[in-house]
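Peer 1:
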Amino acid sequence: MNLIARLDAYIPADDREAQEKEMILSYVKQHPDTVLQRGNLAAHFTSSAFIVNAAGDKMLMVHHTQRGVWAWPGGHADGESDLAFVARKEAEEETGIRNLKLLSEMPASLDVLHVHGHIKKGKWVNTHLHLTTAYIFLADEQAPIWVKEDENTAVAWLPFSFINAEHFDEEDVYLYGKLAKRTKKLLTT
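Take 2 as the starting number for the sequence shown in this note's numbering and just add one per residue.
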């Protein structure tokens, strides 16, 4: 299934996600040659992994160096249209986790994320949007994990109960809460 067909087949969780799906599809159709590349300075694809344990009550998160918060592992598509592959690759690179089991070939989340302008590796990165897909992966909570020092300061299994305003901003509570609900649904069907 090609990227547009996969995005088109995605069933949004709510009205917010339905509008973001519409925006993403529109942008992909307007910029088919650049939307998978960081060179598209306005918006481009990223893909993330929501990694859960077998019990479906914990998530593997990284403490993001740039943002200074706990976050899912993920990264830029950099020309790759298989966004599940991108999510897996980034998860393995950022956490050291191996033997990830993809729970569904379809994305578990579609989101438009705002990235503020910042300096990365000594260079300015302009304000832009990440057109983000997320995939849910199952992993062994006892498997070895490690920190990728140029991207994160910690890697840890956190309980789903951690998804609240005490630990995350409003946007991340929405995002990870939505994924936790999808996880429970996938694990019980």
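Don't be surprised by glycine CBs; every beta carbon is placed ideally from N, CA and C.
1) Got a sec, what are the start and stop residues for the alpha helix (DSSP H) Val-70 sits in?
2) Taking Asp-141 as the reference, which of Gly-40, Trp-158, Glu-106 has the closest Cα?
3) Count the CB pairs spanning the stretch 112-130 and the stretch 6-13 that are closer than 8 Å, and state whether there are at least three.
4) Would you mind listing the alpha helix (DSSP H) stretches within the stretch 5-78 that are 4+ residues and don't spill past its ends, in chain order?
5) Using 8 Å as the cut-off, can you tell me whether the stretch 85-92 makes contact with the stretch 118-125, which would need three or more C-beta pairs spanning the two stretches below that distance?
6) Could you check which residue in His-45, Gly-97, Ile-5, Met-107 has the C-alpha nearest to that of Pro-145?
7) Mind checking whether Lys-90 and Phe-138 have CB atoms under 8 Å apart?
8) What separation, rounded to the nearest whole angstrom, lies between the Cα atoms of Tyr-177 and Asp-34?
9) Out of curiosity, what's the CA-to-CA distance linking Glu-18 and Asp-173?
10) Can you tell which of Val-36, Ala-56, Leu-132 has its C-alpha closest to the C-alpha of Gln-161?
11) Measure from the alpha carbon of Trp-147 to the alpha carbon of each residue in Phe-51, Val-63, Ile-52, Asp-58, then state which is nearest.
12) Given Gly-118, which residues of its chain have a CB within under 6 Å of its CB, disregarding the five upstream and five downstream residues?
13) State yes or no: is the C-beta of Ile-25 within less than 8 Å of the C-beta of Leu-37?
14) Taking 8 Å as the threshold (C-beta atoms), are Arg-39 and Gln-45 in contact?
15) Tell me the residue span of the alpha helix (DSSP H) that contains Phe-161.
16) Beta-carbon within less than 7 Å of Ala-181's beta-carbon, same chain only, minus the 5 sequence neighbours each way: which residues are those?
17) May I ask which residues mark the beginning and end of the alpha helix (DSSP H) holding Ala-88?
Peer 2: Well, looking at it:
1) The count along the sequence shown starts at 1 and reaches residue 70 at position 69. No alpha helix (DSSP H) holds Val-70; DSSP gives it neither H nor E.
2) Within the sequence shown, residue 141 is the residue found at index 140, counting from 1. Ranking Gly-40, Trp-158, Glu-106 by Cα distance to Asp-141 puts Trp-158 first.
3) no
4) 16-31
5) no
6) For the purposes of this step, residue 145 is taken as residue 144 along the sequence shown, with counting starting at 1. For the residues His-45, Gly-97, Ile-5, Met-107, the minimum Cα distance to Pro-145 belongs to Gly-97.
7) Taking the sequence shown and counting its residues from 1, one reaches residue 90 at position 89. Taking the sequence shown and counting its residues from 1, one reaches residue 138 at position 137. Cβ distance not < 8 Å, so Lys-90 and Phe-138 don't count as in contact.
8) The residue given as residue 177 occupies position 176 in the sequence shown. The residue given as residue 34 occupies position 33 in the sequence shown. Looking at the two C-alpha atoms, the distance is approximately 30 Å.
9) Locating residue 18 in the sequence shown gives position 17, counting from the first residue. Locating residue 173 in the sequence shown gives position 172, counting from the first residue. Whole-angstrom Cα-Cα distance: 14 Å.
10) Here residue 161 refers to the residue found at position 160 of the sequence shown. Going by the sequence as given, residue 161 is Phe instead of Gln. Phe-161 has its Cα closest to that of Ala-56, out of Val-36, Ala-56, Leu-132.
11) As a working mapping, residue 147 is identified with position 146 in the sequence shown. Comparing Cα positions, the closest option is Val-63.
12) Within the sequence shown, the letter at position 117 stands for residue 118. Excluding positions up to five away in sequence, the list reads Asn-127, Thr-128.
13) Translated into positions along the sequence shown, residue 25 becomes position 24. Translated into positions along the sequence shown, residue 37 becomes position 36. Contact flag unset, no.
14) Locating residue 45 in the sequence shown gives position 44, where the first residue counts as 1. Locating residue 39 in the sequence shown gives position 38, where the first residue counts as 1. Per the sequence shown, residue 45 should be read as His rather than Gln. Yes, the pair counts as a contact, with Cβ atoms nearer than the cut-off.
15) Taking the first residue of the sequence shown as 1, we reach residue 161 at position 160. Careful: Phe-161 lies outside any alpha helix (DSSP H) and carries neither H nor E.
16) Here residue 181 refers to the residue found at position 180 when the sequence shown is read from its first residue. So the qualifying residues of the chain are Phe-161, Ile-164.
17) Looking up residue 88 in the sequence shown gives position 87. From DSSP, the alpha helix (DSSP H) with Ala-88 extends over 84-96.
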